[in-house]
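With the numbering used here, letter number 229 in the sequence shown gets 1695, and the count goes up by one each step, no holes.
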Amino acid sequence: MASAAVTFLVYKAARFILSDPFERVDPSIPPSPSANNFSGAALQLTESFQMAPLIRWSVQFPIYKVHFFKVRRYVVISDPELIKELVNNRDLDAKSDDLEELTTLTGVNGIGTTHGPQWKETHRVLAPLFNYANLEHHLFPGVVQNASNLVEEISSRFAVNGSGGRAPLQSVDIDKILVDTTYSIGSGALFGLKLGDALYAEIKSSMHALINLLNESSMRPLTAANPLYRFKVSRLRREFRGYIAALINIKRAKLETEMPSTAARMDLMESMIRAKDPETGASLDDENIIDQSATFFFGGYNTTARTLAWVVHLVSQHPTVETKLLEEIDRVLGERDVPSTVDLSQLTYLNMVVKETLRLYCPAPVYVRRALRDTKLGGYDIPEGMNVMVSILGAHYSASNFSDPSQFIPERWQEGFEKVHSYAFIPFAKGERSCLGQRYAMMQMKTVLCCIYKRLIFRPDNWSSVGVGQDLIVFPKFGIHVVPKIRELNPTACS
Ligand code: HEM
């Protein structure tokens, strides 16, 4: 009996090992440095930015393989030609199995986690909502309105009565402020939620609680196996979905009383309710709209807030960049405090500053695809089921792709400065599965920065530390501490 059990276990273990795609990866792909066969590179992930070693290896090796106790296993690529090949290889079209675990955990099956025909159908309906005309007509006015409210709020926090509008020499954590306040821009522009609406606060607090729980398990897979943890997640996700369902009901009731008109401005949720598949004419049902809305809440909020905080940090450290940026904003905006879409297209230096920040501190350091069947990449064998990780930061920090890659040089994006491979700068990924919200994100970030720098400048707080931390995204571990000053140019702005 005992020997039968042992034989069975050996058989199961052998099957696991033989079917493990990691064992069938092309042997000529080098392994990560100092990895051992049992734990792989797991014991090397000791930094607060856990992925840092993976990024450093990918700066060194254009392709390598790595595993963590064989539970997670990847071929990691950072070479732009390999990234281009991956984007065009339909056999590498699926999202990773880690993401599938996240989908099961959150119960959110939005456009970011599906693939194949289900993804295509949703993409046909959602992609037009983010085209330039729709952004300009429907979403931009909400972004401007909410961005200028945000700057009012930030400025008023720093204003000192009776001191000529000058801010006190007090350091603030601008990362925390931006994370707090950027929610109001996204939820206002995309979902029509206003501070004071009951659902504004309810969605915010349940989303934060859910994100905090997901962050807990993002780098510690065993956490997700804990039944208490799973119970908490499922309670919160029911609550979160309930709030979004309530918002859909409010929007549907509003839309039923309004005549459809091309001139009327709609937020993203209203547009999703009205949208039809251009091929089949089908609309999205409520469950689908909840999934997509949750995807936009999760994917579109911390990413932009954190990038804005890194911009403030980098600009505060580089006075010549600050001077050029302020000069451009003042010249393009003149007396106005908020930009138009035409202004945004003329703010070319601001665009370079944001791009350079995304190169150095991109919120998503990697993204992952899974092989749907046995395939090849760069001539190497990639077996079915294997995850291929694209090291975004590896490509961004490689000296083969950028001169002085660790330096903040917005001018590198000027025409003629250096030739950048079109797959070497990929903060929003590439190809048809790239970020659906990238135009919106750039528009939102540039608008907020324009409004902020019209009123405020920031000096570095030399006694505070800056570090990189990581959960679902990369973020400033100790916040971004800066000393805000109301700009002399507009001394009455905060009175
Ligand atoms: C700085 C801001 C942002 C960055 C750096 C960023 C980055 C990315 C990246 C790298 C991906 C690919 C992920 C993967 O394939 O696993 C992605 C996908 C996506 N992003 Fe963003 N994102 C940002 C902001 C936004 C915003 C504001 C929205 C929505 C309002 C958004 C919506 C999406 C969606 C829906 C997808 C999935 C697309 C698909 O699978 O077809 N993102 N984003």
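Every residue, glycine too, gets a C-beta built ideally from N, C-alpha and C.
Residues that residue i bridges to, as DSSP identifies them
i	result
S1533	Looking at the sequence itself, residue 1533 is His, so the reference to Ser does not match. Note: H1533 sits in a beta bridge opposite R1539.
Y1833	V1856
D1847	K1842
V1550	The sequence as given places Lys at residue 1550; Val does not occur at that position. DSSP output for K1550 lists no bridge partner at all.
A1599	None, per the DSSP bridge assignment.
H1947	D1639
N1502	G1506
L1932	Note on identity: in this sequence residue 1932 is Val, with Leu being the wrong assignment. The partner list for V1932 (beta bridge, DSSP) is empty, contrary to what the question assumes.
A1861	Looking at the DSSP assignment, A1861 forms no beta bridge with any residue, so it has no partner.
P1497	K1531
I1952	L1922
A1560	R1836
Residue i to residue j span [Cα, whole Å]
i	j	result
R1704	K1698	10 Å
S1857	E1794	33 Å
N1627	L1616	With a pLDDT of 42 at N1627, under the threshold of 50, the predicted position of this residue should be treated as unreliable, though the coordinate-derived value follows. Between N1627 and L1616, the C-alpha separation is close to 20 Å.
A1613	M1909	11 Å
A1560	A1712	32 Å
C1960	E1788	For C1960, the predicted model reports a pLDDT of 34, less than 50, meaning its position is unreliable and no value from the coordinates is stated.
T1913	V1609	8 Å
P1528	D1545	5 Å
S1930	P1950	14 Å
K1642	P1493	46 Å
G1576	R1836	18 Å
V1798	I1875	22 Å
G1945	V1778	11 Å
G1652	F1596	14 Å
R1740	I1714	12 Å
T1807	D1646	25 Å
L1676	E1682	10 Å
W1523	D1752	44 Å
S1700	I1756	15 Å
I1521	I1892	14 Å
R1672	S1650	Checking the displayed sequence, the identity of residue 1672 turns out to be Ser instead of Arg. When rounded, the distance between both Cα atoms is 15 Å.
L1661	R1718	21 Å
L1902	S1500	38 Å
Q1873	T1814	20 Å
E1881	H1887	13 Å
L1792	A1895	30 Å
L1552	E1566	20 Å
H1862	E1668	38 Å
S1866	D1557	28 Å
L1571	V1834	18 Å
L1843	L1548	7 Å
N1768	Q1510	27 Å
T1723	A1655	21 Å
Check: residue i C-beta below 8 Å from any heavy atom of the ligand HEM
i	result
A1890	no
R1701	no
R1899	yes
K1561	yes
F1657	no
W1585	yes
V1834	yes
A1507	no
F1606	no
C1916	no
Y1906	yes
F1762	yes
G1654	no
I1549	no
Y1598	no
F1706	no
Q1910	yes
P1594	no
F1894	yes
Boundaries (first-last residue) of the alpha helix (DSSP H) holding residue i
i	result
L1592	1582-1592
V1819	1814-1826
L1568	1563-1572
Q1516	Looking at the DSSP string, Q1516 is not in any alpha helix (DSSP H), and its letter there is neither H nor E.
Delimiting residues of the beta strand (DSSP E) encompassing residue i
i	result
Q1880	Q1880 -> no beta strand (DSSP E), and no H or E assigned at all.
P1942	1940-1942
R1925	1922-1926
Chain B within 9 Å of residue i, Cβ atoms only
i	result
F1697	The displayed structure is made up of one protein chain only, and chain B is not part of it.
Unbroken stretches of the alpha helix (DSSP H), 4 residues or longer, contained in the region 1642-1720: 1664-1684
Which ranges does the alpha helix (DSSP H) cover as unbroken runs of at least 4 residues, wholly within the region 1710-1797, from first to last along the chain? 1734-1740, 1752-1766, 1768-1783
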